Amino acid sequence: MTNRPSQSLFSRPNDTSVETVDVIDTPIPDSAAPPPAKPPGMFSIGSPLFNVGLVCLLMAITFAAVALPERAEVETTTTGPPINLSFATPETSTTTSEVRTPSTTALDNDLLAELLNELRENDIDVADTTGDSGLDDAVSDEIAVAPTPPEQELVQVVYRTEQVIVPASTVPPAPKRPECTDYETRSEAQVAFDADPTTLAHFDGDGDGNACEQIADPDAVAPVSCNDFQNQPDAQAIFDANNDALAYLDGDGDGRACEQLPGAPVEGPAPPPAAQVLSVNAVRAQQGVFGMHTREAPWWMGELDYVTRLVGKAPNNLLFFSNWSTPFPAEQVRTAWGRGMTPQVAWEPVIPGADTQPTLQQISDGTWDFYIDEWAAAAAAHGQPIVLRLAAEMNGNWYSWSEGVNGNQEGDFVEMWRHVHDRFELAGADNVVWLWSVNRSDNLKTDIVNYWPGEEYTDWVGMSGYWRGYQGAEAPTFDAVFGKTLGELRALTAKPILLAEIGAGTTVNDDRVTWLNTLFTGLGANPDIIGFVYFNDSKSGGDWRIQFSQPMVDAFAAGVADDRWKSGSLPTGMKIGDRLSVPAHSDPDNNDLASDE
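Just so we're aligned, residue 803 is where the sequence shown starts under this note's numbering, counting upward by one.
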């Protein structure tokens, strides 16, 4: 194998726009004829002009590489046919350095690596942009490097056998990843995100489905926040009106919004599932009403739960009182339904502690419409059904809404009732079941017919009846307490009858137990009576509570065990029929009994 002598460093191809420099003395096959020798001259290797030319050429290449602000990424390999390295800048024409390398020697790899490293050291990237990682050996003709327009700044690496890049101005740029900053409004970003949530997953950093929440979007409505309210009841009212959209106000999912605000209920049950809240028509058609009143419920449910555990079943109707100085008791209604109890509101037209009280005539002539309308509108907005027991026991003389007291005249009660009823209809409060309820009439002089507003103004009729048993003056029986008044109610109407407020007290224990036994017997014998509400409190000269004694508890538990009396929701961990025993005590007024256990 012989070596060919060095060629001229400035030999030019036919295309004079490209300047070629042979920088490697490569071996050639033996069969190749060596070129004729040239006499030494001033351009010979090692001559001063040679050295100056070489230095200038290298400086020009280096300057062009360093000056390029934009880099082209190209493909190359470490072996193969000759390579043209072409550089162009706005200030210079194209300069090509030709490297002749056989495709089989390790020396070629090292040389090419050195050249590529030099490019990288000058911040010129060399990468594989075509992905073929090889050459097209079928093409053997040298590819000429076209002159580059001055405005294009690029680096070209060209194989003799294939051109693997094009000028940078024609290489399609890699697609830019969309960012939130590409959108003017959050709603525009949301549309894009919804169309391709996988690609644009970075739009939703917190994973809540809302894209680019950092954009101040004039099209978006600012969300309601707990900080927008002064107290919890106000937040609750807004939440109840749109609890799906404002679910985030209820962080623990218990149905109460913004519980950290003042006025939040201290304790109470979770709200009921929708199935527990009956429709108003279902309430009107109820049978087997087992109701109860305790002093604190529904504000505090401890005593009610205690009695439930004593008798083995929970009430399905809850009686509580509300006077005309308070707003519609939305939270209390919600709490009652949350325990599977129909709320019965005894709504009393009285202002506690006031020197004067509303008269029936004032209510009828519209003086109190501002309050009635507000209450009725709140009831309608709340939506859950209530039994409204308005101005009960009007046939007595101990309340300010009775005729013959507080300036009230005969006939005023009926006018008052009808006026209030009409105001509720105007407010759209069709979720109200109207309960007209008198006191037992056998010891009263007035006839209950004088207070009857008419069929179209009532849904249920009811009565209050207590067995007091003063010194044996009255037999401890159902008929003694309810018989006469039930006859008068039936003469007025065929409406369902509720024993709306009842109890036994102010006498010895044995008579209480006897009366309770006859109570449940009498209820079974009168199918038009839809149920009863037991007044489990200690007031008005007597202790009416079931927990007065173990025999009373046992008699009551035996009565409500009948399947006719449906149970409300039981305390956690309790099953129907599970019962506690009454602790021994000597003081029947001991309120320590009103505890959770």
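Positions of the beta carbon are idealized from the N, C-alpha and C atoms, including for glycine.
In this text the structure is predicted, and so the values were computed from the model without any measurement.
- Beyond the five residues adjoining it in sequence on each side, TYR1173 comes within less than 7 angstroms, by CB distance, of TRP1126 in the same chain, given in chain order.
- Setting aside the 5 residues that flank it on each side, GLY1230 is surrounded in the same chain by ALA1182, each with a C-beta closer than 7 angstroms to its C-beta; the list follows chain order.
- Judged by beta-carbon spacing, GLY1057 lies beyond the 8 angstroms limit of GLN1034, meaning their Cβ atoms are not closer than that value.
- Taken through DSSP and simplified to helix, strand or coil, PHE1337 comes out as strand.
- Of the residues assessed, ARG979 falls on the exposed side of the cut-off, its CB having fewer than 16 other CB atoms within 10 angstroms.
- When only Cα atoms are considered, GLY1333 and ASN1197 end up about 22 angstroms apart.
- Residue environment: SER1202 is assigned as buried (16 or more neighbouring CB atoms within 10 Å of its CB, all protein chains considered).
- Under the rule that a run must span 4 or more residues, the alpha helix (DSSP H) segments found entirely inside the segment 1298-1375 read 1311-1327, 1352-1362.
- Around the CB of VAL1234, 16 or more other CB atoms lie within 10 Å, so the residue is classed as buried.
- When the beta-carbon positions are compared, LEU1121 and HIS1095 come within less than 8 angstroms of each other.
- Per DSSP, reduced to three states, the secondary structure at ASN1241 is strand.
- Look at ALA1182 here: in three-state DSSP terms it is helix.
- Excluding five sequence positions before and after ASP1330, the CB atoms of its chain that fall closer than 6 angstroms to its own CB belong to ILE1299, given in chain order.
- Of ASN1119, TRP1346, GLY1140, the smallest CA-CA separation from GLN1078 is found for GLY1140.
- If you ignore the 5 residues before and after LEU1106, its C-beta comes within less than 6 angstroms of the C-beta of THR1096, ALA1099, all in its own chain and listed in chain order.
- Residue state for ASN1083 is assigned as helix, using DSSP reduced to three classes.
- Residues of the same chain with a CB within less than 6 angstroms of the CB of ALA1087, apart from the 5 flanking positions on each side, do not exist.
- Taking C-alpha positions only, THR1323 is separated from PHE1358 by approximately 12 angstroms.
- DSSP places ARG1136 in the uninterrupted alpha helix (DSSP H) bounded by 1132-1140.
- Following the DSSP letters along the chain, one finds PHE1215 inside the alpha helix (DSSP H) bounded by residues 1214-1228.
- In the three-state reduction of the DSSP assignment, VAL1263 falls in the strand class, which pools E and B.
- If you look at ALA1282, you'll find it isn't in any beta strand (DSSP E); it sits in the alpha helix (DSSP H) that goes 1280-1294.
- Exclusion of the five residues before and after SER1383 leaves GLN1352 as the residues of its chain whose Cβ lies within less than 7 angstroms of its Cβ.
- Rounded to the nearest angstrom, the gap between the Cα atoms of VAL1152 and GLY1285 is 30 angstroms.
- No Cβ-Cβ contact shorter than 8 angstroms links GLY1271 with ASP1312.
- Only exposed fits GLY1011, as fewer than 16 other CB atoms lie within 10 angstroms of its CB.
- Taking the C-beta atoms as reference points, GLN1159 is found no nearer than 8 angstroms to ASP1214.
- No residue range can be given for VAL1384, since it is assigned to no alpha helix (DSSP H) and is classified by DSSP as neither H nor E.
- Burial is judged here by how many other beta carbons sit within 10 angstroms of a residue's own beta carbon; GLU1227 has fewer than 16 and is exposed.
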